[in-house]
Amino acid sequence: MATFILAFIFLGVAILGLAVGVIAGRQPIKGSCGGLACHKGINCGVCKRRRGVEDNP
């Protein structure tokens with residue numbers, strides 16, 4: 164039973180640690196238009212910077 168309580172406390176502390184930014188009222192982490200979306204010839208419909216941009220190879 165002590166192991167269960169210890170594991171529950173450990174998981175609670177871990178979740179609380181991951182949620183510190185949200186608890187502090189900061190904005191959530193934003194994604195970038197990096198990775199495969201930045202390759203020439205790929206038009207990413209989600210990224211505002213790449214939408215409608217055509218690359219000439």
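Numbering-wise, the sequence shown is residues 164 to 220 according to my numbering. Ideal Cβ placement from N, Cα and C applies to all residues, glycine included. Quantities reported herein were computed from a predicted structural model and do not represent experimental measurements.
In three-state terms, what does DSSP make of residue i?
{"i": "glycine 175", "result": "helix"}
{"i": "glycine 180", "result": "helix"}
{"i": "alanine 165", "result": "helix"}
{"i": "alanine 170", "result": "helix"}
I'd like to know whether the C-beta of residue i is nearer than 8 Å to at least one C-beta of chain D.
{"i": "phenylalanine 171", "result": "As a matter of chain content, chain D is missing from the structure shown, which is built from one protein chain."}
Exposed or buried, which one is residue i when buried takes at least 16 other CB atoms within 10 Å?
{"i": "asparagine 219", "result": "Only weak support is given to the placement of asparagine 219: the predicted model assigns it a pLDDT of 46, under 50, and the question is left unresolved by the model."}
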